[in-house]
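Comments concern the structure below.
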Amino acid sequence: LAVVQSVGRVNDDDFDDATKADKKIAKTMHCAIDNLTVGFNAATNGCISHTIAFSQKENNRTPLVGSLRRLFGNNSISKWFAAGVSGYLLTGAAVSLQQTPAKQLNFWTRGVEQKIPALQATRKISSETDCSNLNLRLYQYQNCPFCCKVRSYLDYYGYSYELVEVNPITRKEIKFSEYKKVPILVCGKDDPVQINDSSVIISFLQSYMLNPNADLHTILSAYPSSLIKGDDKKMQLVSPNKYFLMIPEKQQHVNEKILETMKESLKAFQWFSDVSDWRNTFHTWERLTAVYLGATVIMRKLVNTLLLLFSIIFAVFYNKYLLWKDSLPATVDEYYSLDDQSPDDEAIYTFEVKVPDSVLEDLQVRLNNTKFFQTLENSSFFYGSNANFLHSVHDYWMNSYNWHETEAMLNNFKHFRTQIEGLNVHYIHAKPAEDSKYDTVYPLLLVHGWPGSVSEFLKIIPILIDPMKHNIGYGRKYAFEVIAPSIPGFAWSDAPKRKGFGPAAAARVFLKLLDRLNKRRFYCQGGDWGSVITSIIAQVYPERVIGLHLNTAFVPAIAHPMILLKQLLGIYFPEFVIDPADQYRVYPLMEKLFYFIEESGYFHLQSTKPDTVGFALQDSPMGLASYILEKFSAWTDTSYQHLDDGGLRKYFTLDELLTNIMIYWTSDCIVSSMRFYKEFYQQIGRTRYFNSRVLVSTGVAAFPNDLLTSPQAFVTYKYEHLVQYSRMPRGGHFAALEEPLLLADDIYKFSALIN
1 LAVVQSVGRV NDDDFDDATK ADKKIAKTMH CAIDNLTVGF NAATNGCISH
51 TIAFSQKENN RTPLVGSLRR LFGNNSISKW FAAGVSGYLL TGAAVSLQQT
101 PAKQLNFWTR GVEQKIPALQ ATRKISSETD CSNLNLRLYQ YQNCPFCCKV
151 RSYLDYYGYS YELVEVNPIT RKEIKFSEYK KVPILVCGKD DPVQINDSSV
201 IISFLQSYML NPNADLHTIL SAYPSSLIKG DDKKMQLVSP NKYFLMIPEK
251 QQHVNEKILE TMKESLKAFQ WFSDVSDWRN TFHTWERLTA VYLGATVIMR
301 KLVNTLLLLF SIIFAVFYNK YLLWKDSLPA TVDEYYSLDD QSPDDEAIYT
351 FEVKVPDSVL EDLQVRLNNT KFFQTLENSS FFYGSNANFL HSVHDYWMNS
401 YNWHETEAML NNFKHFRTQI EGLNVHYIHA KPAEDSKYDT VYPLLLVHGW
451 PGSVSEFLKI IPILIDPMKH NIGYGRKYAF EVIAPSIPGF AWSDAPKRKG
501 FGPAAAARVF LKLLDRLNKR RFYCQGGDWG SVITSIIAQV YPERVIGLHL
551 NTAFVPAIAH PMILLKQLLG IYFPEFVIDP ADQYRVYPLM EKLFYFIEES
601 GYFHLQSTKP DTVGFALQDS PMGLASYILE KFSAWTDTSY QHLDDGGLRK
651 YFTLDELLTN IMIYWTSDCI VSSMRFYKEF YQQIGRTRYF NSRVLVSTGV
701 AAFPNDLLTS PQAFVTYKYE HLVQYSRMPR GGHFAALEEP LLLADDIYKF
751 SALIN
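This is the structure in structure tokens:
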């Protein structure tokens with residue numbers, strides 16, 4: 001072990017606000033440094049030398065590279081593209097098939113090794129002489145010189161601590177931290193502190209040894225951190241009071257050669273995998289991603305590689321785009337009932353929400369027979385819906401929730417049904433009061449998504465039809481009358497009995513509904529599937545739409561090849577590609593990609609085999625509640641995964657959440673609603689709706705916590721007449737339910753630009 005050299009001396013001027021005791025500690029810290037023996041530099045330089053030697057050594061264990069070289073031997077653009085798609089699909093298959101390995105803990109007690117299963121730490125180092133009870137947990141890379149420095153210090157002074165190996169690509173293990181580098185030390189149990197930077201960590205522990213009775217937060221306050229702009233004009237986190245320095249700032253940490261060639265870079269990352277035991281620490285797919293993607297990213301020639309790759313993708317997609325952008329799939333009338341294809345009954349019938357008592361009694365029996373499971377300790381919503389929270393939902397549902405009161409509240413709105421293409425289509429029709437005397441009343445088609453329903457609109461409809469009462473809008477100039485249909489297969493609209501009913505069919509059915517109501521021109525508003533349906537209406541029937549307003553404006557890269565190119569260029573020059581206010585929606589790109597994969601499991605399931613999980617959800621009310629509530633939590637605010645209730649009580653009442661769940665349960669619509677995904681993604685020509693432009697005047701309410709809303713720079717490629725892009729101050733995916741006043745106000749501001 002090596003001496004940690006201190007730079008400079010600690011002066012009283014540096015601690016003007018410190019107590020006398022703190023000053024004494026600060027002055028005596030230098031004496032403690034001299035007790036360390038030589039080792040930090042030696043250990044670190046040994047690690048560096050090993051890295052360099054390994055990168056220069058011939059290594060034949062690269063079968064994947066050889067296979068890729070053989071695969072890409074042909075210069076055909078199609079083969080390059082096919083290989084990329086195949087690789088993506090194979091990766092997805094590997095992820096879905098790979099089961100989480102049982103995590104084991106290597107318990108080291110000075111030479112005695114035991115194995116203790118089912119703990120989250122990668123390893124635990126235990127010292128019989130440690131009496132600190134600090135519960136130290138070090139988040140690290142095994143081969144990082146700064147992490148080696150901290151481990152050397154901990155071992156020398158006999159601290160017990162846990163090690164958590166961090167994946168260098170996903171870094172999900174330190175997702176809790178705003179500081180995204182290693183090492184990170186978490187200290188304490190009941191009221192822990194987080195210490196960043198190797199020198200600050202050692203300084204903190206040295207201060208603790210000098211005064212072990214001091215409060216941890218008090219000690220940490222002696223090492224404040226500040227954000228400053230460095231020489232490279234980027235913001236840096238610095239801790240000016242740290243005094244344990246060991247590696248010169250000019251020290252070369254990595255062999256220059258691994259920055260130049262893929263071969264050398266790959267060898268180095270394979271060694272990182274071996275020395276850090278990634279094989280037993282991470283999923284197979286995570287390990288391979290870290291090795292191959294990490295090796296690619298660290299190359300100096302990355303820019304040229306990316307430009308080449310995306311030039312190929314650009315060439316492939318651009319021709320497709322030119323062919324598709326003005327060509328939409330033909331939409332023809334269908335009949336989705338199993339009855340004889342007799343003409344539709346065009347009469348409009350009033351509808352009352354009324355659930356038979358037998359259905360409610362059966363619900364109580366099923367709730368009473370719910371089979372619960374034990375949630376993991378401190379798992380919150382990271383594993384999905386928290387079982388402890390579901391216990392409280394279950395108790396409230398059985399003993400406090402009153403469906404009859406909800407029915408009465410629902411029936412305060414006017415409900416109707418009419419038959420279109422063999423299906424009885426339900427809708428709410430709300431108009432301004434007759435004595436309100438608005439000069440003009442515009443029809444507004446309001447369309448929900450999944451896993452929502454028209455219950456999302458119960459708070460926003462009264463605002464839209466009477467803006468003056470809620471202090472928005474433009475006086476008596478105009479108001480909206482709202483037509484809010486239930487998508488067929490949702491709530492009280494019939495479920496299609498034949499295949500093929502997707503968003504394009506829903507758009508056609510809703511246009512027929514508006515024809516039946518004699519609404520020649522109208523506004524459209526939608527979120528989630530509602531945004532897809534209303535966008536198709538604007539694409540196919542632009543002459544009918546006055547304006548299109550969306551609170552989910554998702555424009556994928558396939559919509560235009562320039563989006564794909566901009567995403568890549570934005571990694572290096574984000575300020576030239578995306579407005580700074582929107583950059584968080586795209587970057588860090590890999591972090592967003594992995595998070596999208598993490599949150600899109602439901603999407604792949606419902607787009608392929610919806611009936612499989614549908615059977616379970618149709619049979620269990622608490623299973624249905626768990627499935628839907630997890631989506632409301634994740635899509636409303638992802639930062640509340642660490643809360644036991646997923647932040648649901650912060651944004652909604654249990655009555656609001658259970659009303660939506662009850663609509664799914666009492667109408668038996670969960671299976672048919674999930675089929676909507678499969679019908680769209682197996683439809684021939686579906687991508688043309690993404691590629692084709694929307695020429696209708698469009699407004700977007702971009703809520704900050706809605707992960708599906710694209711940056712303004714991307715939205716304009718599809719919605720070419722974007723007249724308003726509002727960056728909302730708060731809110732998530734279910735905006736009409738969570739922030740009805742904000743959404744309604746934005747709709748009125750948008751319509752004013754057109755009117």
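In UniProt numbering, the protein residues as written are 1 to 755.
Where is the CB? At the ideal position from N, CA and C, for every residue including glycine.
A quick note: this is a predicted structure, and the numbers were derived from the prediction, not measured.
- Item | Cβ contact (3+ pairs, closer than 8 Å) linking the segment 732-739 and the segment 451-458 | Contact between the segment 732-739 and the segment 451-458 is present, with at least three C-beta pairs closer than 8 Å.
- Can you tell me the Cα-Cα spacing of A702 and P729, whole angstroms? In a straight line, the C-alpha of A702 is about 9 Å away from that of P729.
- Taking DSSP as the reference, what is the three-state secondary structure of R727? In the structure shown, the three-state DSSP call for R727 is strand.
- Exposure of I228, with buried meaning 16 or more beta-carbon neighbours within 10 Å: Exposed, because fewer than 16 other Cβ atoms sit within 10 Å of the Cβ of I228.
- Query: Going by DSSP, what residues sit across from L185 in a beta bridge?
  - Reply: L138, I195, per the DSSP bridge assignment.
- Spell out the partners DSSP gives residue 758 in its beta bridges. The structure shown does not extend to residue 758, since the chain is modelled only from 1 through 755, so no value can be given for it.
- Could you tell me whether the segment 693-700 touches the segment 538-547, where touching means 3 or more Cβ pairs closer than 8 Å? Three or more beta-carbon pairs separated by less than 8 Å link the segment 693-700 to the segment 538-547, which places the two stretches in contact.
- Distance CB(L423)-CB(P488) smaller than 8 Å: Yes, these two residues count as a Cβ contact at 8 Å.
- If you check the beta carbons only, do Y223 and S198 fall under 8 Å apart? The Cβ atoms of Y223 and S198 lie no closer than 8 Å to each other.
- Rounded to a whole number of angstroms, what is the C-alpha to C-alpha distance between D515 and Q341? About 21 Å.
- Task: Taking 8 Å as the cut-off, decide whether the C-beta atoms of Y664 and L707 are in contact.
- Result: Contact annotation: Y664 and L707 have beta-carbon atoms that are not nearer than 8 Å.
- Cutoff 8 Å; reference L323; Cβ partners in own chain excluding five residues on either side: Interpretation of L323 is limited by its pLDDT of 45, a score under 50 that renders its predicted location unreliable; the figure taken from the coordinates is listed afterwards. In the same chain as L323, and ignoring 5 residues on each side of it, no C-beta atom comes closer than 8 Å to its own.
- Query: Should P343 go down as buried or exposed, given a rule of 16 or more other Cβ atoms within 10 Å for buried?
  - Reply: Classification for P343: exposed.
- Item | Option nearest G647 by Cα separation, candidates G384, S226, W271 | The candidate whose alpha carbon is nearest that of G647 is G384.
- Query: Based on Cα-Cα distance, which residue from G188, E421, S226, V200 lies nearest to P212?
  - Reply: Nearest option by C-alpha distance: G188.
- Quick one: using the 10 Å Cβ neighbour count with 16 as the cut-off for buried, is E58 buried or exposed? Bear in mind that a pLDDT of 36 at E58, under 50, signals an unreliable position, so the model cannot answer this.
- Could you please give me the residues that DSSP links to N424 through a beta bridge? Among the bridge pairs identified by DSSP, N424 is matched with Q419.
- Query: With W403 and M662 assumed to form a contact (beta carbons below 8 Å), what rounded beta-carbon distance in angstroms separates them?
  - Reply: About 6 Å; that satisfies the 8 Å criterion.
- Message: If distances are taken between C-alpha atoms only, which option among W450, Y335, Q419, E720 comes closest to H560?
- Response: For H560, the nearest C-alpha among the options comes from E720.
- Since F351 is in the beta strand (DSSP E), which residue starts that stretch and which ends it? It spans 348-351 - the beta strand (DSSP E) in which F351 sits, taken as one unbroken run.
- Task: Measuring alpha carbon to alpha carbon, tell me which of Y478, G452, E346 ends up nearest L464.
- Result: Closest option to L464, Cα to Cα, is Y478.
- Query: Y161 to T638, Cα distance in whole Å?
  - Reply: Here the alpha carbons of T638 and Y161 stand approximately 30 Å from one another.
- Can a CB atom of chain D be found closer than 8 Å to the CB of I195? Within the model displayed, chain D is absent; a lone protein chain is all it includes.
- Query: When you compare only the Cα positions, how much space is there between L742 and S751?
  - Reply: Take the alpha-carbon of L742 and the one of S751: they are about 14 Å apart.
- Task: With L643 as the anchor, note down where its beta strand (DSSP E) starts and where it stops.
- Result: For L643, there is no enclosing beta strand (DSSP E), since its DSSP letter is neither H nor E.
- Item | Burial state of T350 (16 or more Cβ within 10 Å) | Answer is exposed; the Cβ neighbour count stays below 16.
- Give the DSSP-derived three-state secondary structure of P168 in the structure shown. Note: P168 maps to coil in three-state DSSP.
- Message: Do V186 and E173 count as a contact pair if the criterion is CB distance below 8 Å?
- Response: Not closer than 8 Å, so no.
- Message: Closest to L565 by C-alpha separation, out of S672, V193, V577, would be which residue?
- Response: When each option's Cα is compared against that of L565, the closest is V577.
- Residue of S620, V441, D274, L617 minimising C-alpha distance to Y523: Restricting attention to S620, V441, D274, L617, the CA atom closest to the CA of Y523 is found in V441.
- Task: May I ask you to verify whether the segment 501-520 touches the segment 625-635, counting CB pairs closer than 8 Å and requiring at least 3?
- Result: Result no; under three Cβ-Cβ pairs closer than 8 Å.
- Grab me the residues of D746's own chain with a C-beta within less than 6 Å of its C-beta, minus the 5 sequence neighbours each way, in chain order. Cβ-Cβ distances below 6 Å link D746 to A701, S726 in the same chain, with the five nearest sequence neighbours on each side left out; the list follows chain order.
- Query: Taking the C-alpha atoms as reference points, what is the distance between C147 and G294?
  - Reply: So the alpha carbons of these two residues sit roughly 19 Å apart.
- Message: In the DSSP output, which residue or residues are listed as bridge partners for I483?
- Response: BP columns for I483 point to H429, L445.
- Neighbourhood of L654 by C-beta, 6 Å cutoff - its chain only, sequence neighbours within 5 removed: Y396, listed in sequence order.
- Answer yes or no: do residue 760 and G502 have a C-beta to C-beta separation smaller than 8 Å? Any property of residue 760 remains undetermined from this structure, which presents the chain solely from 1 to 755.
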